[in-house]
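Peer 1:
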Amino acid sequence: MAKLGSSDLPLRVAVVGAGPAGFYAAELLLRNDIHCEVDLFESLPCPYGLVRHGVAPDHPKMRTVINRFDKTGDEEHFNYFGNTRLGADVSVDTLREYYDAILISTGAQKPRRLGIPGEELEGSYSAEQFINWYNAHPAIELKDFDLSSDTAVVVGNGNVALDIARILAHTPEELAKTDMATPIIDKLAASNVKTVYIAGRRGPVQASFTSPEIREFDHLENTAFHINDDAMALDAEDLEELEFKDHGHARKFMPVFEGYADQPTNAEHHIKFLFLRSPISIEDDGEGSGKVAKITLQTNRLSGPAGSRKANSIDETVTIPCGLVFSCIGYRGRPIEGIPFDEKWGGIPNVEGRVIVDNEVQTGLYTSGWIKRGPSGVIGTNKVDSKETITKIVEDVETLNAAPNRSSDALRKQLVREGKRPIDFADWTKISDAEVARAKGDKPREKFLTVEEMLAVLD
Ligand SMILES: Cc1cc2nc3c(=O)[nH]c(=O)nc-3n(C[C@H](O)[C@H](O)[C@H](O)COP(=O)(O)OP(=O)(O)OC[C@H]3O[C@@H](n4cnc5c(N)ncnc54)[C@H](O)[C@@H]3O)c2cc1C
Ligand SMILES: NC(=O)c1ccc[n+]([C@@H]2O[C@H](COP(=O)([O-])OP(=O)(O)OC[C@H]3O[C@@H](n4cnc5c(N)ncnc54)[C@H](OP(=O)(O)O)[C@@H]3O)[C@@H](O)[C@H]2O)c1
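Using this note's numbering, the final residue of the sequence shown is 459, and nothing's skipped along the way.
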C-alpha cells in the first residue's frame, strides 16, 4: 500500500474553524513537502473568524489578511465546507471516517464573566455580544442595543476594551467609510453615549493595551481624555516593571497618558481611564426597571514584586451612574462533543498542538489558535502557532491511520442527504461579491446580517 503523504495517498486533513489559525494551518499543509488534501470546516457561511467578526471596522488594514486567506481558498487541493458546524452538522466520528488527521482551530468566543451581582441586568453586556453586533455576526441572539444612556463603563484593560470605547466615540461620518453594516451605523449615529469609562483593576503599567491602539485615540474627533490621578502615582515596583523588556508598549503609552492632564473640558465625547478599580456590583434604579443604572467599583492598591503585581482592595468605593456596562475581561473556548476539553482554562489540552488526554497523545487529533493556547495574541501569532502544530503532523505522518473513505465529494453529498447545506469557496465568493455589489458610497461592502440572507444569494 502507498505511503500516507505520498502523491498516491495524499494525507487528508480536516481543519475545523476558518479563522486565522485554520487558514494558516491549511496554507502550511498545502505548502508542505508531503502531499496533502485539506478541507476547512466552518460553522458560518462566511470564513475568516475574528478577522471579520472581531477586528474593529475602523481597522480596515487588519482585514487585508483576507486576501492571503482567499489564495488558499483557490488552491487545487483545498475544499471549503462553510455553514457546517462540527458537533451539530457533522460529527467527529464522521470526520474520522473521511480524514487521516483532524485539526481543531475553533477559537475562543465564550466571554469570561465578572461574577458580580447585577451582571445579568439589561444594559450589562459582554464584549462578545456588542462586538458581534457591530461587526454583523450573522448568528447572534442580541440584535439591538439601547444606547440612550449618556454614560458607558467598559471593564478590562486590553485592546478589546479600547475597540469598544473607540467605536462608541466615533462620529457617523467616520463609520460611514467602514464595512460596518448601515443599520448599525444608523443606530450608533443615534447613540446618546457621551462619556466612556475604561476601568481596570490594576494600574496603567500593568495594562495589556498596545501603544498604537492608545495613540489611535488621538484621531477621534472632538474627544477629551482623562485619567485618574492616583493611577499616575507610580511606585518603585511600577517603575521597575516599566523597564521590563516585554513592557515596550507601556513605556510608549505612559507619556500619552501623562499628556491627558491638559485636555479640553468642552469636548463632545469624554474617554475616562479609571485604573486601580474593580467592579463589585451593578444595580438598577431600585424601582424594578431591570436595567443598569449604576456600577460600583472598589479602589485597589498594588502589592507584590514588579512583574507579578496584585490588586488589593482598600476601604473606598466609587459609584458611577451609567446605563451600559461592557465587560471585556477575556474569553474561553466552547467544548465540542467528541473533542477533549479542559474546563479549567477553557481550551483543548495539548502538547505543542498534539491533543492529549491524561498525558496520552490522541492519534490524528491536533489543535491550533486560541482554542489551543488561550485567548491572546494578534492575527500573526496564529501563524507561528499553526506552524508548530503542522510540524507535529508532518513528524507523525507515518503513525497516522489512513481513513477508509477518501472522497470530499462523497462527504458533501452525505451531508446534503442528511439535510445540511455545506457551501464551497466559490459559493462564499458569490456571497462576498454580493456584499461588495450592494455597498454604497465609500463603503467597501454592505455585510449581510443573517445566514438566511447569505444563503439566499445562492438560490
Ligand atoms: C474583538 C477582537 C478584536 C481583535 N482585533 C485584532 C486586530 O485588530 N488585530 C489583530 O492582529 N488581532 C486582533 N484580534 C486577535 C485575533 O482576532 C485573534 O488572534 C485570532 O482571530 C484568533 O484566531 P483563531 O483562528 O484561533 O480564532 P477565530 O478567529 O475565533 O476563528 C475561529 C473560527 O472557528 C469557527 N468555529 C467555532 N466553532 C466551530 C465549530 N464547532 N465548527 C466549525 N467552525 C467553528 C468560528 O466561527 C470562527 O470562524 C482581535 C480579537 C478580538 C476578540
Ligand atoms: N488592535 C489589535 O491589535 C487588537 C484588538 C483587540 C484584541 N487584540 C488582541 O486580542 C487578545 C485578547 O484581547 P482582550 O482585550 O480580550 O484580552 P487581554 O489583553 O488579555 O485583556 C484582558 C483584561 O481583562 C482584565 N481582567 C480579567 N479578569 C478581570 C476581572 N475579573 N475584573 C477586572 N478585570 C479583569 C485583565 O486584567 P489583569 O491584567 O489584571 O488580569 C486585562 O486587563 C489580546 O492579545 C489583544 O492584544 C488585538
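In this text, a Cβ means the ideal position worked out from N, Cα and C, and glycines have one as well. Since the structure is predicted, the reported quantities are computational estimates derived from the model, not experimental observations.
Identify, in the order they occur along the chain, each residue of the same chain with its Cβ nearer than 6 Å to the Cβ of TYR125, setting aside the five sequence neighbours on each side.
Peer 2: Residue numbering aside, residue 125 sits at position 125 when the sequence shown is read from its first letter. The answer, listed in chain order, is PHE326.
Peer 1: May I ask you to list the residues that DSSP assigns as paired with ARG301?
Peer 2: Against the sequence shown, residue 301 aligns to sequence position 301. For ARG301, the beta-bridge partners assigned by DSSP are ASN312.
Peer 1: Between THR106, ALA101, SER148 and LEU168, which has its C-alpha nearest ILE131's C-alpha?
Peer 2: Along the sequence shown, read from residue 1 onward, the residue named residue 131 stands at position 131. Per the Cα distances, LEU168.
Peer 1: Jot down the residue ranges of each uninterrupted beta strand (DSSP E) in the stretch 313-345, minimum 3 residues, whole runs only, in chain order.
Peer 2: 324-327
Peer 1: Give me whichever residues DSSP pairs with GLY347 in a beta bridge.
Peer 2: The count along the sequence shown starts at 1 and reaches residue 347 at position 347. Bridge partners of GLY347: ASP342.
Peer 1: Is any non-hydrogen atom of ligand 2 found closer than 7 Å to the C-beta of ALA108, if you look at the structure I gave you?
Peer 2: Along the sequence shown, read from residue 1 onward, the residue named residue 108 stands at position 108. It does not: the Cβ of ALA108 is nowhere closer than 7 Å to a heavy atom of ligand 2.
Peer 1: Could you check what DSSP says for GLU283 in three-state terms: helix, strand or coil?
Peer 2: For the purposes of this step, residue 283 is taken as the residue at position 283 of the sequence shown. Reduced to three states, the DSSP call for GLU283 is strand.
Peer 1: Mark THR84 as exposed unless 16 or more other C-beta atoms lie within 10 angstroms of its C-beta, in which case mark it buried.
Peer 2: Translated into the one-based positions of the sequence shown, residue 84 becomes position 84. With 16 or more Cβ atoms within 10 Å of its Cβ, THR84 is classed as buried.
Peer 1: Could you tell me whether the stretch 337-345 touches the stretch 293-306, where touching means 3 or more Cβ pairs closer than 8 Å?
Peer 2: no
Peer 1: Measure the C-alpha to C-alpha separation of ASP396 and ALA101 and round it to an integer number of angstroms.
Peer 2: Taking the first residue of the sequence shown as position 1, residue 396 is located at position 396. Taking the first residue of the sequence shown as position 1, residue 101 is located at position 101. If I take the Cα positions, the gap works out to 10 Å.
Peer 1: Is it the case that the stretch 14-29 contacts the stretch 102-122, given that we only count it when at least three CB pairs across the two stretches are under 8 Å?
Peer 2: Touching, per the Cβ criterion.
Peer 1: Around the C-beta of MET180, are 16 or more other C-beta atoms found within 10 angstroms, so that it is buried, or is it exposed?
Peer 2: Sequence index remark: in the sequence shown, residue 180 carries index 180 (1-based). Buried: at least 16 other Cβ atoms inside 10 Å.
Peer 1: How many angstroms separate the CA atom of THR171 from the CA atom of ARG354?
Peer 2: Indexing the sequence shown from 1 puts residue 171 at position 171. Indexing the sequence shown from 1 puts residue 354 at position 354. Between THR171 and ARG354, the C-alpha separation is close to 47 Å.
Peer 1: Helix, strand or coil for ASP39 per DSSP?
Peer 2: Here residue 39 corresponds to residue number 39 of the sequence shown, with the count starting at 1. Strand.
Peer 1: Just to confirm my understanding: we take VAL357, look at its own chain, exclude 5 residues before and 5 after, and list those with CB closer than 8 Å. What are they?
Peer 2: Counting from one through the sequence shown, the residue named residue 357 turns up at place 357. The residues are PRO340 and PRO349.
Peer 1: Quick one: does the C-beta of HIS59 sit closer than 7 Å to a heavy atom of ligand 2?
Peer 2: On the sequence shown, position 59 is the one that residue 59 refers to. Yes.
Peer 1: Apply the 10 Å Cβ neighbour rule to ARG215 and answer buried if 16 or more other Cβ atoms are within range, or exposed otherwise.
Peer 2: Here residue 215 is taken as the residue at index 215 of the sequence shown, counted from 1. Flag for ARG215 reads exposed.
Peer 1: Taking the beta strand (DSSP E) that GLN362 belongs to, which residues open and close that run?
Peer 2: The sequence position of residue 362 within the sequence shown is 362, counting from 1. Run containing GLN362: 360-367, per the beta strand (DSSP E) assignment.
Peer 1: Starting from LEU274, trace the beta strand (DSSP E) in both directions and tell me its first and last residue.
Peer 2: As a first step, residue 274 must be located in the sequence shown, where it is residue number 274. Taken as a continuous stretch (DSSP letters only), the beta strand (DSSP E) holding LEU274 covers 269-274.
Peer 1: Per DSSP, what kind of secondary structure is ILE167 in: helix, strand or coil?
Peer 2: For the purposes of this step, residue 167 is taken as residue 167 along the sequence shown, with counting starting at 1. It is helical.
Peer 1: Rounded to a whole number of angstroms, what is the C-alpha to C-alpha distance between LYS187 and VAL13?
Peer 2: Position 187 of the sequence shown holds residue 187. Position 13 of the sequence shown holds residue 13. In a straight line, the C-alpha of LYS187 is about 43 Å away from that of VAL13.
Peer 1: Rounding to the nearest angstrom, what Cα-Cα distance links SER7 and HIS35 in this structure?
Peer 2: Taking the first residue of the sequence shown as position 1, residue 7 is located at position 7. Taking the first residue of the sequence shown as position 1, residue 35 is located at position 35. Computed Cα separation, rounded: 6 Å.
Peer 1: In chain order, what residues of the same chain have a beta carbon less than 7 Å from the beta carbon of GLU119, not counting five sequence neighbours either side?
Peer 2: Position 119 of the sequence shown, counting from 1, holds the residue named residue 119. The residues are ARG113 and ILE282.
Peer 1: At least one CB of chain D closer than 8 Å to the CB of ALA207: is that the case?
Peer 2: Among the protein chains of the structure shown there is no chain D, as only one such chain exists.
Peer 1: Could you check which residue in LEU147, HIS137, ASN135 and TYR99 has the C-alpha nearest to that of GLU122?
Peer 2: Within the sequence shown, numbered from 1, the residue matching residue 122 stands at position 122. Cα-wise, what sits closest to GLU122 is LEU147.
Peer 1: Please state if the CB of ASP424 and the CB of ASN32 are separated by a distance shorter than 8 Å.
Peer 2: The sequence position of residue 32 within the sequence shown is 32, counting from 1. The sequence position of residue 424 within the sequence shown is 424, counting from 1. No; because the gap between Cβ atoms is not below 8 Å, this pair is not in contact.
Peer 1: Using DSSP's beta-bridge definition, name the partner residues of GLY288.
Peer 2: On the sequence shown, residue 288 is found 288 positions in, with the first residue counted as 1. The partner list for GLY288 (beta bridge, DSSP) is empty, contrary to what the question assumes.
Peer 1: Does the stretch 36-54 come close enough to the stretch 421-435 that 3 or more CB-CB pairs lie under 8 Å?
Peer 2: yes
Peer 1: Please indicate yes or no: does the CB of ARG85 lie closer than 7 Å to some heavy atom of ligand 1?
Peer 2: Reading the sequence shown from its first residue, position 85 is the one you call residue 85. ARG85 Cβ: within cutoff of ligand 1.
Peer 1: Quick check: the Cα distance between GLU418 and ASP163, rounded to an integer number of angstroms?
Peer 2: Within the sequence shown, residue 418 is the residue found at index 418, counting from 1. Within the sequence shown, residue 163 is the residue found at index 163, counting from 1. Using only the alpha carbons, I get a separation of about 41 Å.
Peer 1: Buried or exposed for THR389, please, with buried defined as at least 16 other CB atoms from any protein chain shown within 10 angstroms of its CB.
Peer 2: Working through the sequence shown from its first residue, we reach residue 389 at position 389. Counting Cβ neighbours within 10 Å, THR389 comes out buried, since at least 16 surround it.
Peer 1: Is the separation between the beta-carbon of HIS536 and that of ASN222 shorter than 8 Å?
Peer 2: In the structure displayed, the chain extends from 1 to 459; residue 536 sits before or after that span and is not available.
Peer 1: Since PRO111 sits in a beta bridge, which residues does DSSP pair it with?
Peer 2: The sequence position of residue 111 within the sequence shown is 111, counting from 1. DSSP output for PRO111 lists TYR331 as bridge partner(s).
Peer 1: Considering only C-alpha positions, which residue in the set LYS372, LEU95 and ALA189 is nearest to VAL469?
Peer 2: There is no way to answer for residue 469, as the model of the chain reaches only from 1 to 459.
Peer 1: Helix, strand or coil, according to DSSP, for ARG417 in the structure here?
Peer 2: Along the sequence shown, read from residue 1 onward, the residue named residue 417 stands at position 417. Judged by DSSP in its simplified three-state form, ARG417 adopts helix.
Peer 1: Helix, strand or coil: which one does DSSP assign to ILE371?
Peer 2: Counted from its first residue, the sequence shown places residue 371 at position 371. DSSP places ILE371 in helix when its eight states are reduced to three.
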